[in-house]
Each structure stands twice: as C-alpha cells, then as structure tokens.
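Novice: My questions all concern the structure below.
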Amino acid sequence: MSAADLTPSDLTPSEAARWAARSGLPLAEDRHTEVATTAGHIHSVVSLLRELDFGDTPPSAAYRAGGEQHDAAL
Amino acid sequence: MRPYELTVADAAEAVRTRRLSPVELVDSVLERVERVEPRLRAFAAVTAGPARRAARKAEAEIARGALRGPLHGIPAGLKDLIDVAGMATTASSRVRAGHRARTDSTVAARLAAAGVAFVGKTHTHEFAYGLTTPQTGNAWDVERVAGGSSGGSAVAVAAGAAAFALGTDTGGSIRVPAALNGVVGLKPTYGLVPRYGVTSLAWSLDHVGPLTRTVEDSALVLAALVGHDPRDPASVAAPAVDYRPAPGTDLTGLRVGVPGNYYFDRVDPEVEAAVRRAIERLEELGARLVEVEIPMARYVQATQWGLMVPEATAYHERTLRAVPDLYGADVRVLLEAGELMSAGDYIRAQRARTLMRQAWREMLDTVDVIAAPTTPLTAVKAGRPTVTWADGEVESVSDAYVRLSAPADITGVPALTVPVGRDSAGMPIGMQLMGRPFGEATVLRAGHAYELAGTAGAMAPAA
Numbered sequence: 001m002s003a004a005d006l007t008p009s010d011l012t013p014s015e016a017a018r019w020a021a022r023s024g025l026p027l028a029e030d031r032h033t034e035v036a037t038t039a040g041h042i043h044s045v046v047s048l049l050r051e052l053d054f055g056d057t058p059p060s061a062a063y064r065a066g067g068e069q070h071d072a073a074l
Numbered sequence: 001m002r003p004y005e006l007t008v009a010d011a012a013e014a015v016r017t018r019r020l021s022p023v024e025l026v027d028s029v030l031e032r033v034e035r036v037e038p039r040l041r042a043f044a045a046v047t048a049g050p051a052r053r054a055a056r057k058a059e060a061e062i063a064r065g066a067l068r069g070p071l072h073g074i075p076a077g078l079k080d081l082i083d084v085a086g087m088a089t090t091a092s093s094r095v096r097a098g099h100r101a102r103t104d105s106t107v108a109a110r111l112a113a114a115g116v117a118f119v120g121k122t123h124t125h126e127f128a129y130g131l132t133t134p135q136t137g138n139a140w141d142v143e144r145v146a147g148g149s150s151g152g153s154a155v156a157v158a159a160g161a162a163a164f165a166l167g168t169d170t171g172g173s174i175r176v177p178a179a180l181n182g183v184v185g186l187k188p189t190y191g192l193v194p195r196y197g198v199t200s201l202a203w204s205l206d207h208v209g210p211l212t213r214t215v216e217d218s219a220l221v222l223a224a225l226v227g228h229d230p231r232d233p234a235s236v237a238a239p240a241v242d243y244r245p246a247p248g249t250d251l252t253g254l255r256v257g258v259p260g261n262y263y264f265d266r267v268d269p270e271v272e273a274a275v276r277r278a279i280e281r282l283e284e285l286g287a288r289l290v291e292v293e294i295p296m297a298r299y300v301q302a303t304q305w306g307l308m309v310p311e312a313t314a315y316h317e318r319t320l321r322a323v324p325d326l327y328g329a330d331v332r333v334l335l336e337a338g339e340l341m342s343a344g345d346y347i348r349a350q351r352a353r354t355l356m357r358q359a360w361r362e363m364l365d366t367v368d369v370i371a372a373p374t375t376p377l378t379a380v381k382a383g384r385p386t387v388t389w390a391d392g393e394v395e396s397v398s399d400a401y402v403r404l405s406a407p408a409d410i411t412g413v414p415a416l417t418v419p420v421g422r423d424s425a426g427m428p429i430g431m432q433l434m435g436r437p438f439g440e441a442t443v444l445r446a447g448h449a450y451e452l453a454g455t456a457g458a459m460a461p462a463a
C-alpha cells in the first residue's frame, strides 16, 4: 500500500473541517464525519492519477475537441 | 397513430403538407402530458399556455406559406437547467426558489427561432449532479429509476409527452437516461452546441444535446442547435455538414471498433448479449468490425472526478455557503467534499485528459465509430444503492451508470445511444456509438442504419 492510499484514512473529521475552513467553507460539527468520508473516497479515486508520468504534457483547461486540425479548418 | 406518437420527422412532414396542424399536434402532446404526468413526474413545469400560443402562431405562419423548417410547431421539453427568459430555471433544486431567467439560453433561442413549441421544463437530478433523477419514474416501470441527470427529458420523450427534449451530459447525463428509457440520446462533440444560459455542472465537461425517439430526429434537432456563440468560451463554428442521414441502410466500408477491454467488463450478460447482437447487425449491414483497445481505461473515473468535483464545487461556491440546507443530502456532501481537493489533483486530471484525448484520437484513426454498451445495467428499482458483479466486485449504481459514458465527456467525442432491445424484466438496453470529434454525421448514419433495420424502440407504455 502506497502513502497515497493511506492518506484518506488519515483525514479525520476534524482535519476535514479544518481543510474546509481554510477553503472558506465553515462546516457545522454534524457535517465533519460525512464530509471526511466523502472527501476520502474522492481522494482515493483521484490519487490514481499520480501513477502517470506526464512529462511535458500540458493541462487541457481549454481545448478544442477536434485538435489542431479542426481549428485549422475553421 | 395519434399525433403525440409521431416522430419529429413524421410530424414535420405532416405539418409541412398540412395534414396536421401544429395546434392539433401540441394539443395531443399536452393531453398526453396530463395523462402520464401524475405517475411519471417528468416535468418541473408544464407550459401549456405558451405552447398553445406557439402552436397557433406556427399554424398561422404555415398557412401563409412561411414554414420555418422541420421543427416548426413541434412540441418539445427542455431540461430545467436551460434558461428561457422570464421562466424559473429550477435545476430541480430548492436552492433556485424564486429564480427567474433574464435571457434565453442560446439553445432555447435557436429552437424558438425554428418554431418549436415548448411544452415544459423537465426534471433533472438536482443541478445535474447525479445519475438517477429521483423525482421521476422510469417510463417503462415507474418503480424503477429514470436515470439521470436528464431523467425528465428521457421519460417525457419515451412516454410521448414531448416529441423531443434537450438534455445535458457531463458524465453521461443524456445517454444514461436515454438508454434506460429506450430512446435515442446524442451527446455532441464538445463545443459544437453552445452552452450559454445553461446551468453548469462542470464547465470543461458539459455538453447540451437532444433526446429523441429516432436517430433521424436527433439529426434534425442537432442541425438547429449548432453554430458558434462567443458567449460560450468552448463554442466552435459548426462544420458545414448535413446531419440528416441518407435513407439507406448500407454500411459498406464503415469500420466499427469493438472494444476488447473496458466496455464489456462488468456488464450485465443480457446487456452484453443485446449489444453484441446489435454489433452483428451492423456487420450484416456491411460494416467491418475491428477490435480496438481502449487507452488509459484505468484512469477514466479518476480523470472524470478530478475534473468534475472541483468545477462543480466552484460553481456552487456562494450558494453552498449561503443556503447549504437547501441542497439535497447527496449533492450537498459532494459539493462540500469538493472543497478539499487540491489544485494539484485538478491539474493532474487536466493533464490526464490531454493524454486521453490524444490516445483516443489515435484509436479513432483506425476506425470510424466505436460500438459499445451505453450502461452496464438497465434501470434498477428506485433506491437500490449497489450492484454486485459476477467477479464479486460491488459498485455503486451511480458509478456503474456513468462508467461507460464518461470517456466521451472527457475526450469530447460525439456519442449516440440507440435502443437495441430489452432485458427479461422488459427494461430497455442501449448501444453507444462514438465517433471522431465533429464526426456526428458518421455516428448518426450508423445509428440510423441500425434503426432502419427494424429494431427501433417502441413507445413506452407509461400510463
């Protein structure tokens, strides 16, 4: 098991609440456990991408589905 | 055949030749809405008055020879994320109480200009953030889920309560409910249909497209929606293409990719059998089958979530702080938990999408379309949380529904779902046809040929 896999279980309800507060979202105490669990699950899914070697790959924040060829035809 | 049962193409022809008045057509559909709506609850709002006014206007225009086109006088539904000036866009959420759209969305304006009569706003899973649309019953079995998030649109079309409807698709939200209700759904290429005035779930994944009862109808509606709009930063100019498929069924020369991985993994045996039979049908029509390997399949869910979760949370930033109690429990916790995702994770998902798009483009150099199941299982009973696969793996129903549709949202390729039969419980099964970016005409051609070969879905019993 990698360190990334351990991270979700390390995120306690109070830690989740602190992280949310740092993001500007104060959470009522009765939200802490549920948010921590869901955030942990999301984290475990998304952390898989750390396996990838992206090299020089840029992000796709803005893109054209057809790529450069379609753009050229516009 | 009663007017509400007509396809868009048949209704358009009847209207054009003045065998059917738009007033009769809209009245027939509104009567159908009244009949089925108490059970199905597909609509957030029914707009009978404006629909009848649009129908009377269409009738008068057509009587004086001013036919606008094939959608003139056709009754349609709009997913309630799509703005119509002066109306609430509720997103099926209490958060939007008192909302009033100031302007028309691009798609509503274009359909109105084409003469469409809007019969109502259809239910969505709250803010499109879910795959079931719990307010709405499946058109084939009201005890089962409608699918989502465009559940109201799919159910309305399946039940004859709209000739067509628009939906949105961020992970599968047009194709999943279309498949689960036995109708056709088209998620167009990213950027082809402008999203101005459409409530976002995740900007870099959102698409708008039609739900119809036939592939030909999808082509007719798509043609009215495309075209650049600078108010949507992703919008592109439409290629000069006639989307309406030719009448024949000959698919000679078409290379159909059949995935050897991913798309048939953890798929209900009845779904797999129906889709494989449909693929054989494509071969009988002249297509050549080519096995393809889906690239980066291991990273589909991670990429989808890495993009969607933080973008959705960002969209709801203000209201999540102001009125958190007004969200449904399932949506609220996803939005809250999204605050905890790091920018690093988001950028990683963006870079993964770059790689995935490139890999899909290379795969799509070798075939013209890819054929696969739309969803791995048919509509489940409402409230069922999980599915257990033959290998013992337990998957949430929502994860299962989105699993096979998400790749086309990440890569932006066009994806069409067509009905290919029903399972032993009588629930519809969908086959997905995916093409190259801006290759809508090709997927529509393949879907139309399949449909003409005598396998088009029947109208749902619904009432």
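Chains A and B are the protein sequences, given in the same order.
Mind the numbering: the first sequence is residues 1 to 74 in the UniProt record's numbering, read in order.
Mind the numbering: the second sequence is residues 1 to 463 in the UniProt record's numbering, read in order.
Quick reminder that beta carbons are idealized off the backbone N, C-alpha and C, glycines included.
A quick note: this is a predicted structure, and the numbers were derived from the prediction, not measured.
Since Leu416 (chain B) is in the alpha helix (DSSP H), which residue starts that stretch and which ends it?
Specialist: Looking at the DSSP string, Leu416 (chain B) is not in any alpha helix (DSSP H); the run it does join, the beta strand (DSSP E), is Ala415 to Arg422.
Novice: Taking the C-alpha atoms as reference points, what is the distance between Thr133 (chain B) and His41 (chain A)?
Specialist: The straight-line gap from Cα to Cα measures roughly 23 angstroms.
Novice: Grouping DSSP H, G and I as helix and E and B as strand, with all else coil, what is Pro22 (chain B)?
Specialist: helix
Novice: Val333 (chain B) versus chain A: which residues are under 7 angstroms apart at the beta carbon?
Specialist: Glu34, Val35 and Thr38
Novice: Check the Cβ-Cβ distances between Ala17 (chain A) and every residue of chain B, and say whether any is below 8 angstroms.
Specialist: no
Novice: For His32 (chain A), which of helix, strand or coil comes out of DSSP?
Specialist: His32 (chain A) carries a helical assignment under DSSP once its states are collapsed to helix, strand and coil.
Novice: Taking Ala51 (chain B) as the reference, give the member of B:Ala234, B:Leu111, B:Leu335 and B:Glu395 with the closest Cα.
Specialist: Checked all of B:Ala234, B:Leu111, B:Leu335 and B:Glu395; the closest Cα to Ala51 (chain B) is B:Leu111.
Novice: Which full runs of the alpha helix (DSSP H) of 4+ residues lie inside the segment 298-322 of chain B, going along the chain?
Specialist: 300-315 and 317-322
Novice: Buried or exposed: where does Asp5 (chain A) fall if 16 or more other Cβ atoms within 10 Å of its Cβ makes it buried?
Specialist: Residue placement at Asp5 (chain A) is flagged as unreliable, the pLDDT there being 44, under the threshold of 50; the coordinate-derived value follows with that caveat. Label assigned to Asp5 (chain A): exposed.
Novice: Measuring alpha carbon to alpha carbon, tell me which of B:Ala55, B:Phe264, B:Arg39 and B:Ala156 ends up nearest Leu20 (chain B).
Specialist: B:Ala55
Novice: Just checking: is the beta-carbon of Glu336 (chain B) within a distance shorter than 8 angstroms of some beta-carbon in chain A?
Specialist: So, interface residue.
Novice: Does the distance from the C-beta atom of Arg255 (chain B) to that of Val367 (chain B) stay below 8 angstroms?
Specialist: In this structure, Val367 (chain B) lies closer than 8 angstroms to Arg255 (chain B) by Cβ.
Novice: Straight-line CA distance for Tyr327 (chain B) to Val397 (chain B)?
Specialist: 21 angstroms
Novice: Going by DSSP, name the residue or residues bridged to Val107 (chain B).
Specialist: DSSP, once it has assigned bridges, lists no residue as partnering Val107 (chain B).
Novice: Exposed or buried, Lys79 (chain B), counting other C-beta atoms within 10 Å across all chains shown (16 or more means buried)?
Specialist: buried
Novice: Do the segment 123-139 of chain B and the segment 22-29 of chain B make contact, defined as three or more Cβ pairs closer than 8 angstroms?
Specialist: Segments in contact, no.
Novice: Under three-state DSSP, which class holds Val46 (chain B)?
Specialist: When secondary structure is reduced to three states using DSSP, Val46 (chain B) falls in the strand class.
Novice: With a threshold of 16 other CB atoms inside 10 Å of the CB of Met434 (chain B), please say whether the residue is buried or exposed.
Specialist: buried
Novice: What is the DSSP secondary structure of Glu5 (chain B), counted as helix, strand or coil?
Specialist: helix
Novice: Apart from the five residues on each side of it in sequence, which residues of its chain come closer than 6 angstroms, Cβ to Cβ, to Arg18 (chain B)?
Specialist: none
Novice: With the cut-off set at 8 angstroms, would you say Gln301 (chain B) and Thr374 (chain B) are in Cβ contact?
Specialist: In this structure, Thr374 (chain B) does not lie closer than 8 angstroms to Gln301 (chain B) by Cβ.
Novice: For Ala386 (chain B), does the count of other Cβ atoms within 10 angstroms reach 16, so buried, or fall short, so exposed?
Specialist: For the record, residue 386 (chain B) in the displayed sequence is Thr; it is not Ala. Of the other Cβ atoms in all chains shown, fewer than 16 fall within 10 Å of the Cβ of Thr386 (chain B); this residue is therefore exposed.
Novice: How many Å lie between Ala415 (chain B) and Gly209 (chain B) at the Cα?
Specialist: 10 angstroms
Novice: By how many angstroms is the C-alpha of Thr33 (chain A) removed from the C-alpha of Leu211 (chain B)?
Specialist: 39 angstroms
Novice: Does the CB of Gly421 (chain B) have a neighbour CB from chain A at under 8 angstroms?
Specialist: Cβ-Cβ to chain A under 8 angstroms: no for Gly421 (chain B).
Novice: In chain order, what residues of the same chain lie with their CB nearer than 7 angstroms to the CB of His448 (chain B), ignoring the 5 residues before and after it?
Specialist: Val215, Glu216 and Pro245
Novice: So for Val208 (chain B), helix, strand or coil by DSSP?
Specialist: strand
Novice: What's the call for Met296 (chain B), buried or exposed, on a 16-neighbour Cβ count within 10 Å?
Specialist: With 16 or more other Cβ atoms inside 10 Å of its own Cβ, Met296 (chain B) counts as buried.
Novice: In angstroms with no decimal places, state the Cα-to-Cα distance between Ala453 (chain B) and Ala400 (chain B).
Specialist: 30 angstroms
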